[in-house]
Every structure is written in C-alpha cells, then in structure tokens.
C-alpha cells in the first residue's frame, strides 16, 4: 500500500471532523487503517477527537475495529481524550461506544483527567449534560473513586441492598461536588 501524503492525512482529518464516512472508507482502502492512529492536528487532536466532538457515531462504529484501541485514551495537548470531547458536546451514543468498546480501556476512560483537572464526568457536569453524567456514573468504577477519595473499599463480597438509597458525592479538581442518589434501579442527580 502506498504511504499517505501530508495532504492525504489532512483531508482525512477533515473528513473525520465532518463525518464523511465514504471518504474515510476510501482512505482505508487506499492506505490501510494503520496510518489513521498517527494523524494529529496542531493541538494534538486525533481523528477520534474530531469524530467524538462532532457526534459521528456511524463513523466511530466503522473505525473502532480498525484502529489501535490505544487511540481511545490518547490525549491532545490539553490532555483531553475523545471521551472528554464527547462529554463536553453531549454525545451520549459516542460516549457509550468509546466506553463500551470491548477491546478498549473501558470504564477507565472515565477517570482520565485533562490539564484542567477535569474527568469526562466533570466535563459533562460543567456542560450541564445530566443524561451523560448519569450514564457515566452508572458505569464508572466506583471502587476506584472510593479509593481516590480515601473512603471504604467495596469488596467483591459486598452487596448493595436495593431497598436502601446510596448517596454518592464526587468532587472535581475545582472543588465542585456532584451529589447523586441511587435508589434501587433509579439514579437521581442533586
């Protein structure tokens, strides 16, 4: 396969930004998918940053099996991941694809903090995106949060009684506290 030129890489980056799946498919046929993981803009953004920030779920689903799973946790110059961008722009289907991708880092993506000290959950909260914040809390590794906050470790043998409410408080780097109540199968954001 021929190597893509700088111009080819720039064009495919723009295609990812605008969600042009046909151009991306042509690029993959011509140059292979391996080179996609190398493409960055001047701010260190990857193709996944462009796709995630702009909500192109169909393109993300197409590319996830073709690219290196490490690209899901790759940060830009501000140390933000594609999940940060999905959270900032309220793209739930993108967030779900990134976190639930079987070959990727999974829920560990939710714990990555950018240079501002914000996790994707904090970005969702700051953006006022309650639906996304709720989903991220539902799937996140609460054991890691408990350890980070110096609270009691939840062991595998521990069970949660669905008859009692569980109150969760998560503090971001700015000292803002998000409070949630989990009641049985429902979650309420305070």
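Residue numbers (the working numbering): 51 to 240. Beta carbons are placed, not taken as given, at the ideal position from N, Cα and C, and that holds for glycine.
- CA-CA distance, residue 96 to residue 70, rounds to 16 Å.
- Considering only 164, 146, 110 and 167, the residue with the shortest C-alpha distance to residue 157 is 146.
- Distances from the CA of residue 122 to each of 151, 128, 182 and 68 were compared; the closest alpha carbon is that of 151.
- By the C-beta density criterion, residue 51 is exposed, having fewer than 16 other C-beta atoms within 10 angstroms.
- Pairing residue 160 with residue 186 gives a Cβ-Cβ distance under 8 Å.
- Rounded to whole angstroms, residue 106 and residue 59 show a C-alpha spacing of 19 Å.
- Between the C-alpha atoms of residue 140 and residue 62 there is a straight-line separation of about 24 Å.
- In this structure, the alpha-carbon of residue 168 lies about 12 Å from that of residue 177.
- Scanning 98, 53, 54 and 94 for the CA closest to the CA of residue 115 turns up 98.
- Residue 113 and residue 149 do not touch by the CB rule: their CB atoms are close to 16 Å apart, not below 8 Å.
- For residue 185, the uninterrupted alpha helix (DSSP H) segment begins and ends at 180-189.
- Under the three-state reduction of DSSP, residue 129 is assigned to coil, being neither helix nor strand.
- By the neighbour-count criterion, in which 16 or more other beta carbons inside 10 Å mark a residue as buried, residue 165 falls on the exposed side.
- Shortest Cα-Cα distance from residue 90 to any of 132, 76, 72 and 79 involves 132.
- In this structure, residue 81 sits away from residue 119, with a CB-CB distance that is not shorter than 8 Å.
- Comparing C-alpha distances from residue 191 to each of 179, 181, 180 and 171 shows the shortest one belongs to 171.
- Scanning 68, 184 and 79 for the CA closest to the CA of residue 137 turns up 184.
- Under the DSSP assignment, residue 101 falls in the alpha helix (DSSP H) whose first and last residues are 97-104.
- In chain order, 135 and 139 place their CB closer than 6 Å to the CB of residue 103, counting only its own chain and leaving out the 5 sequence neighbours on each side.
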